[in-house]
Amino acid sequence: MVNAHYVECAVLRACSAPCAFLPNNGYTSAAMTERTGFFSAPPLVAVAGWIVPGAGYLLLGQVARGVTIGVTILFLFIAGVLIGGIRVIDVPGFTSLGEKKIVIKPDPDKLVGPSPREWSLRAHPLQTVFEKPWYVGQVLAGPICLAASYLSVEGAKPENPGAVVSRVPPSHARVWEIGTLYTAVAGMLNLLAIIDSSYRAGRKAT
Amino acid sequence: MITLLGVYHPFLSPLPIWDYWAWLVIPLTLGVSVVYKSIRCSSMSHVPRQAAEISFYIIISMILAAGILTMIVRAISS
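Chains A and B, in that order, give the protein sequences.
Here this note's numbering is used: the first residue of the first sequence is 640, the next is one more, and so on.
Here this note's numbering is used: the first residue of the second sequence is 8, the next is one more, and so on.
Okay, here's the thing in structure tokens:
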């Protein structure tokens, strides 16, 4: 009787059909439907997952998983921008008026004349990014964050040169915090999805 | 609230939810739960139920934590 059950399950497993006796409650496991080949190479899956959230799973043939994760991550990111406004994307290396943050770079060979000035993101990239660490989470959501960053910097610039008021005012207090939280959490969840899809791709390849 | 919505410009001005911000924890919790359970579950058919369960537990835990912290703050301040 036991042997017959295992034979039956093995046949059903081979046919990729649901089976109530299988340990995964009768549904075929995701690994059975995964694709293999060039498009399932782990680095490609990771890059695709960053460019379009959930696309890594699509390359592996897991459409439902990819669409669910992608739509949810994009929903959270867009919801964050809707809650706090575009200025919740606070780009490192730029001031609150959308100008490049310039730092003086000391040059020991040049003792006379003005010191050379450089964009802070180029002079001290890590230090500049760590001034706004939430951006690290936000940028993991993909190119949608880069587009939002451009719009945020453009919106921060004043309408008239020399003015001190941005075209798009930044949000404050809890609304800003919640908007930042939504967008950063969306990026961190995308990182989780990128790692998982790459791991699945690597496991399948081996 | 309705008056404030009249001056709300999507993506430009912040959402006027100054008195209702705590409710925003619900969509965030649902989003985190759906993505987490989509990654963890072997079958996507299990995701809705398990995501709803974990969302419920997260929200209940946050309410309990908020209650406990409120009591501690009040006890210290009194």
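Note that CB positions come from ideal geometry on N, CA and C, so glycine has one too.
Just so we're clear, the structure is a prediction, and the values are computed from it rather than from any experiment.
Is the Cβ-Cβ distance between residue i and residue j less than 8 Å?
i	j	result
Leu736 of chain A	Ala795 of chain A	yes
Leu831 of chain A	Ile61 of chain B	no
Pro755 of chain A	Lys744 of chain A	yes
Gly688 of chain A	Ile833 of chain A	yes
Ile65 of chain B	Thr36 of chain B	yes
Gly719 of chain A	Phe18 of chain B	no
Leu779 of chain A	Asn829 of chain A	yes
Met69 of chain B	Val32 of chain B	yes
Ile717 of chain A	Pro692 of chain A	no
Arg806 of chain A	Met51 of chain B	no
Pro797 of chain A	Val803 of chain A	yes
Lys771 of chain A	Ser759 of chain A	no
In this structure, how does DSSP classify residue i when only helix, strand and coil are distinguished?
i	result
Ser633 of chain A	This structure leaves residue 633 of chain A out entirely; chain A is present only between 640 and 845.
Pro797 of chain A	strand
Gly781 of chain A	coil
Ser791 of chain A	helix
Ala865 of chain A	Absent from the structure is residue 865 of chain A, since the part of chain A shown begins at 640 and ends at 845.
Tyr666 of chain A	Only weak support exists for where Tyr666 of chain A lies, its pLDDT of 42 falling under 50; the value from the coordinates is given anyway. Coil, per DSSP.
Ala680 of chain A	coil
Ser836 of chain A	helix
Ser810 of chain A	coil
Ser84 of chain B	helix
Mind checking if residue i is an interface residue toward chain B, Cβ cutoff 8 Å exclusive?
i	result
Ser668 of chain A	Residue placement at Ser668 of chain A is poorly supported in this model, since its pLDDT is 45, which falls under 50; the coordinates still yield a value, given next. True, the Cβ-Cβ gap to chain B drops below 8 Å.
Val684 of chain A	no
Leu715 of chain A	yes
Ala802 of chain A	no
Ser810 of chain A	yes
Ile900 of chain A	No answer is possible for residue 900 of chain A: the residues shown for chain A start at 640 and end at 845.
Gly737 of chain A	no
Ile817 of chain A	yes
Ala786 of chain A	no
Ala832 of chain A	yes
Val824 of chain A	yes
Leu779 of chain A	no
Arg813 of chain A	yes
Are the C-beta of residue i and some C-beta of chain A separated by less than 8 Å?
i	result
Ile24 of chain B	yes
Val41 of chain B	yes
Val54 of chain B	yes
Gly74 of chain B	no
Ile70 of chain B	no
Ile46 of chain B	yes
Ser62 of chain B	no
Trp28 of chain B	yes
Met78 of chain B	no
Ser85 of chain B	no
Check the C-beta distance from residue i over to residue j and give it rounded, since I have them as a contact under 8 Å.
i	j	result
Leu699 of chain A	Val684 of chain A	7 Å
Thr822 of chain A	Ile728 of chain A	7 Å
Phe714 of chain A	Gly74 of chain B	Not confirmed; about 30 Å, so no contact.
Val814 of chain A	Trp28 of chain B	7 Å
Trp773 of chain A	Thr819 of chain A	5 Å
Gly781 of chain A	Met827 of chain A	With a Cβ gap of about 13 Å, Gly781 of chain A and Met827 of chain A do not count as contacting.
Pro21 of chain B	Ile722 of chain A	7 Å
Task: alpha helix (DSSP H) segments (min. 4 residues) lying fully within the region 687-774 of chain A - done: Listed in chain order, they are 694-698, 702-723, 759-762, 764-769.
- [ ] Note down, one range per segment and in chain order, each alpha helix (DSSP H) of at least 4 residues found wholly within the region 12-78 of chain B.
- [x] Fully enclosed alpha helix (DSSP H) runs of 4 or longer: 32-47.
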